[in-house]
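Inspection log for the structure reproduced underneath, given as structure tokens.
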Amino acid sequence: MRDLPNRIVERELKNSSTLKGSSLSSLGISDSKRGRAESAPLARVAMEELQSALQDWGLAVSNVPEKGRCLVTIKDLYPGEVIISQEPYVCVPNNSATESRCDGCFASGNLKKCSACQVVWYCGSKCQKSEWKLHRLECDALSKLDKDRRKSVTPSIRLMVKLYLRRKLQSEKTISATATDNYNLVEELVAHMKDVDEEQLVLYAKMANLVNLILQWPDINIKEIAENFSKLACNAHTICDSELRPLGTGLYPVVSIINHSCLPNAVLVFEGRLAVVRAVQHIPRGAEVMISYIETAGSTMTRQKSLKQQYFFTCTCPCCIKVGQQDDIRESAILEGYRCKYDRCNGFLLRDSDDKGFVCQQCGLLRSKEEVKKIAAEIRATSDKASKSLSSGNLQEAISMHNMIEKLQQKLFHPFSISLMQTRDKLLKMLMELKDWRDALSYCKLTIPVYQRVYPEFHPLLGLQYYTSGKLEWLLGNTDDAIKSLTKAVHILRITHGTNTLFVKELIMKLEEARAEASYKLSSKDDE
Ligand SMILES: [Zn+2]
Ligand SMILES: [Zn+2]
Ligand SMILES: [Zn+2]
Ligand SMILES: [Zn+2]
125 MRDLPNRIVE RELKNSSTLK GSSLSSLGIS DSKRGRAESA PLARVAMEEL QSALQDWGLA
185 VSNVPEKGRC LVTIKDLYPG EVIISQEPYV CVPNNSATES RCDGCFASGN LKKCSACQVV
245 WYCGSKCQKS EWKLHRLECD ALSKLDKDRR KSVTPSIRLM VKLYLRRKLQ SEKTISATAT
305 DNYNLVEELV AHMKDVDEEQ LVLYAKMANL VNLILQWPDI NIKEIAENFS KLACNAHTIC
365 DSELRPLGTG LYPVVSIINH SCLPNAVLVF EGRLAVVRAV QHIPRGAEVM ISYIETAGST
425 MTRQKSLKQQ YFFTCTCPCC IKVGQQDDIR ESAILEGYRC KYDRCNGFLL RDSDDKGFVC
485 QQCGLLRSKE EVKKIAAEIR ATSDKASKSL SSGNLQEAIS MHNMIEKLQQ KLFHPFSISL
545 MQTRDKLLKM LMELKDWRDA LSYCKLTIPV YQRVYPEFHP LLGLQYYTSG KLEWLLGNTD
605 DAIKSLTKAV HILRITHGTN TLFVKELIMK LEEARAEASY KLSSKDDE
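One rule links them: number in our numbering = place in the sequence shown (from 1) + 124.
Structure follows, in structure tokens:
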């Protein structure tokens with residue numbers, strides 16, 4: 125669930141007029157400097173300290189040829205067990221003009237702006253105090269900027285400024301460092317500078333110059349800052365709440381050692397800003413711990429493309445090595461391909477050899493290219509209208525547009541289509557906003573078979589979808605259905621989120637409430 129800080133960066137920069145129009149060389153990064161070796165190996169002593177700290181967790185860092193560092197267990201781990209948890213080295217909430225969160229705990233609502241810099245928000249004096257050592261320096265630097273420049277200080281820029289300030293404070297020993305919390309670990313992270321394209325590099329360089337302008341340190345290395353932006357893009361994690369809604373971005377250098385699999389044995393969730401990695405399968409002693417960096421719902425091609433684009437590697441997990449095999453072709457065609465022309469046929473379609481269209485692999489019927497194109501164009505046009513209604517705040521109109529999209533997608537795509545599932549998810553969220561529980565539930569129910577197909581048994585998104593279904597059934601008075609859905613939600617979320625979190629405790633309480641009501645109904649029936 126690493127998100128895409130580099131996409132955030134691009135969006136930020138497009139809106140930032142102060143940074144336009146410069147070339148790489150004028151920004152202090154010429155091409156000749158790009159290809160240097162990535163990072164120095166972690167000093168032997170620091171490595172020994174890290175290994176010994178990890179040993180307390182039952183973990184070790186290992187080096188695998190062609191893959192680099194990975195995290196392995198030195199004991200058996202079982203589903204639901206915490207593998208490791210870590211506070212961020214630095215983190216920053218996703219604050220924007222319309223949404224603000226506390227810099228300390230990421231809470232929203234009832235916030236106060238720092239009166240000196242007017243950039244950072246706090247929920248109260250407790251959070252302000254806990255952040256003060258670092259923010260004191262940041263506040264001074266931000267206060268010196270003129271008003272317009274201060275507006276261009278986006279979360280990514282702040283994250284980098286905080287990274288440099290924390291490094292400085294740790295080296296001066298104003299903030300203490302530990303074996304799992306020190307800048308050496310940040311230095312070790314891969315930046316993939318050789319893989320970053322020119323356009324992206326120019327963006328990083330522009331941002332590095334803004335960081336330089338804020339810090340105003342005489343001997344700062346602008347190229348190193350740019351490289352660190354690339355490092356953040358590959359290694360930082362999106363901090364989410366229990367329902368996986370994004371709140372901010374954080375850098376967790378030990379969690380970043382964990383490699384990716386499309387069928388992972390562990391999951392990363394957050395408790396506030398604490399990153400917690402839990403086992404979702406039995407992980408035998410000596411095995412590598414893996415989490416997923418991306419949304420895994422999609423064909424092998426789609427997953428591989430997003431991993432390559434953001435993380436610059438080709439996945440060789442058990443799902444990905446099947447690419448091109450019969451099973452994988454079939455599954456990809458189901459998730460992202462078209463449906464059979466014949467209503468009652470559930471076959472999947474593949475492009476025919478004459479390139480006339482797509483042939484059903486079950487009944488042999490052909491769907492012409494023209495027909496497919498026509499419906500696809502209608503979907504695009506309706507989607508454009510839908511986003512216009514959404515941005516103008518007309519929820520009712522947006523819902524009817526999405527209803528039309530859903531009908532068109534049902535005509536075009538296979539019933540297990542990811543796009544169709546996403547449209548239904550959007551409808552579910554919009555209908556819940558309007559408190560239309562009945563229609564919301566019907567769309568929620570339609571998504572669940574697709575969730576079950578694309579996610580493994582213990583996936584937080586599947587658990588959350590059961591939870592939503594249970595809540596809606598409860599609101600509609602379908603107690604028995606609510607009990608079934610909430611039981612399934614508990615089964616999954618107690619593993620992915622742990623039983624001690626407030627979120628899961630509340631879920632368990634709802635389930636108990638529903639059970640109590642059901643037995644009350646039953647006993648009052650007996651009395652009659
Ligand atoms: Zn707070
Ligand atoms: Zn301030
Ligand atoms: Zn994979
Ligand atoms: Zn067919």
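Quick reminder that beta carbons are idealized off the backbone N, C-alpha and C, glycines included.
- By the Cβ-count criterion, Ile616 is buried, with 16 or more other Cβ atoms from all chains shown falling within 10 Å of its own Cβ.
- Per DSSP, Glu395 is one residue of the beta strand (DSSP E) stretching across Ala390 to Glu395.
- Residue Ile207 holds the alpha-carbon nearest to the alpha-carbon of Val393 among Val243, Ser176 and Ile207.
- Excluding sequence positions up to five before and after Gly461, its CB lies within less than 7 Å of the CB of Phe472, Leu473 and His538, all in the same chain and listed in chain order.
- The alpha-carbon separation between Ala184 and Lys629 amounts to approximately 32 Å.
- When beta bridges are read from the DSSP output, Phe537 appears opposite Tyr462.
- For the pair of segments examined, the region 561-571 was found not to touch the region 405-425: the number of CB pairs separated by less than 8 Å stays below three.
- Using a 10 angstroms sphere on the CB of Cys487, the tally of other CB atoms stays under 16, which defines it as exposed.
- The criterion of a C-beta distance shorter than 8 Å is not satisfied by Leu552 and Tyr591.
- In this structure, the beta-carbon distance from Leu585 to Leu368 falls below 8 Å.
- The continuous stretches of beta strand (DSSP E) do not include Ile299, and DSSP gives it neither H nor E.
- Here Arg639 carries a helix assignment [DSSP, helix/strand/coil].
- In the structure shown, the three-state DSSP call for Gln428 is helix.
- Taking the Cα of Lys645 as reference, the smallest distance to any Cα among Ser224, Asp604 and Ser609 is reached at Asp604.
- For Ala403, the enclosing beta strand (DSSP E) stretches over residues Leu398 to Ala403.
- Within the same chain, and ignoring the five residues on either side of Arg548 in sequence, the residues whose Cβ sits closer than 7 Å to its Cβ are Glu530, Tyr567, Leu570 and Thr571.
- For ligand 2, a non-hydrogen atom lies closer than 7 Å to the CB of Leu266.
- The set of residues whose C-beta lies within less than 6 Å of a heavy atom of ligand 2 reads, in chain order, Cys238, Ala240, Cys241, Val244, His259 and Cys263.
- Non-local beta-carbon contacts of Gly481 in its own chain, meaning distances under 6 Å to residues more than five positions away in sequence, involve Leu490, Arg491, Ser492 and Lys493 in chain order.
- Checking the 7 Å criterion, the Cβ of Leu387 is out of range of every heavy atom belonging to ligand 4.
- Our two residues, Tyr307 and Arg291, have alpha carbons roughly 6 Å apart in a direct line.
- In this structure, the straight-line span from the alpha carbon of Arg168 to that of Asn352 is close to 23 Å.
- Taking C-beta atoms as the reference points, Leu309 and Pro377 count as a pair closer than 8 Å.
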